[in-house]
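All residue numbers for the sequence shown refer to this note's numbering, where the first residue is -10 and numbers rise by one. Presented below is the structure to which this report refers.
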Amino acid sequence: MTQPFSYQSSFILDKSHFGECFDESVQVQTPITLYRKGALLMLVGAALVMFSELNPYAAWFIFSLGILEIVSNHYKKSWWVARQMLSKVAKAEIRLDINEDSIHISSFYNDNNMQFSDIELITPTDNGWLISHKNNRHYISNRCLNDSAKAFLHAKISH
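This is the structure:
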């Protein structure tokens, strides 16, 4: 008789974890789609400055919004990681429990139990797993999983 699968681990939400989470879960965009809105705002702002009787402050404001949009897209990862490090969950210890029925992720601030029957998609990445559950995506790093837990999640993909 085989024993039901059960795995427990814990990890700390630190800067390296947040960086890995961003790298593995962000959806890659081409530079054209990434910077299109900023370039358009800059062009509209420049056209209003040069060819319009609109208040110059408003035109320069639109131009500046375009620059800000381009800069924010360029530093998107740094900005996201910095925001996470300033949040209350930074440096929190996370407990991960995986069993036959569910993935349970808990900390002092959050308690999330995902039943495998409710999980829509499990996607392996280079460094971990993306779990799509009720319109949310969760990331589990391979750093906190042993080989049997990785094999178990891989087997769940096939089902």
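Even for Gly, the Cβ is constructed at its ideal location relative to N, Cα and C. Just so we're clear, the structure is a prediction, and the values are computed from it rather than from any experiment.
With contacts defined as CB atoms closer than 9 Å, residue -3 and residue 86 qualify as a contacting pair.
For residue 22, the three-state secondary structure derived from DSSP is helix. The three-state secondary structure of residue 98, taken from DSSP, is coil. In the DSSP assignment, no residue is bridged to residue 37.
Judged by DSSP secondary structure, residue 125 falls within the beta strand (DSSP E) whose first and last residues are 125 to 130. Here DSSP, grouped into helix, strand and coil, assigns residue 46 to helix. If you draw a straight line from the Cα of residue 117 to the Cα of residue 73, it is about 19 Å long.
One Cα belongs to residue 10, the other to residue 56, and the distance between them is close to 27 Å.
Of all alpha-carbon atoms in 122, 70 and 82, the one lying nearest the alpha-carbon of residue 91 is that of 122. Measuring C-alpha to C-alpha distances from residue 112 to each of 146, 41 and 101 identifies 146 as the nearest.
For residue 27, same chain residues with a beta-carbon under 6 Å away, outside a window of 5 residues either side, are 55, 58 and 59 in chain order. Our two residues, residue 95 and residue 0, have alpha carbons roughly 11 Å apart in a direct line. When the Cα atoms are used, residue 32 and residue 49 turn out to be separated by approximately 11 Å. Pairing residue 109 with residue 24, the inter-Cα distance amounts to about 32 Å.
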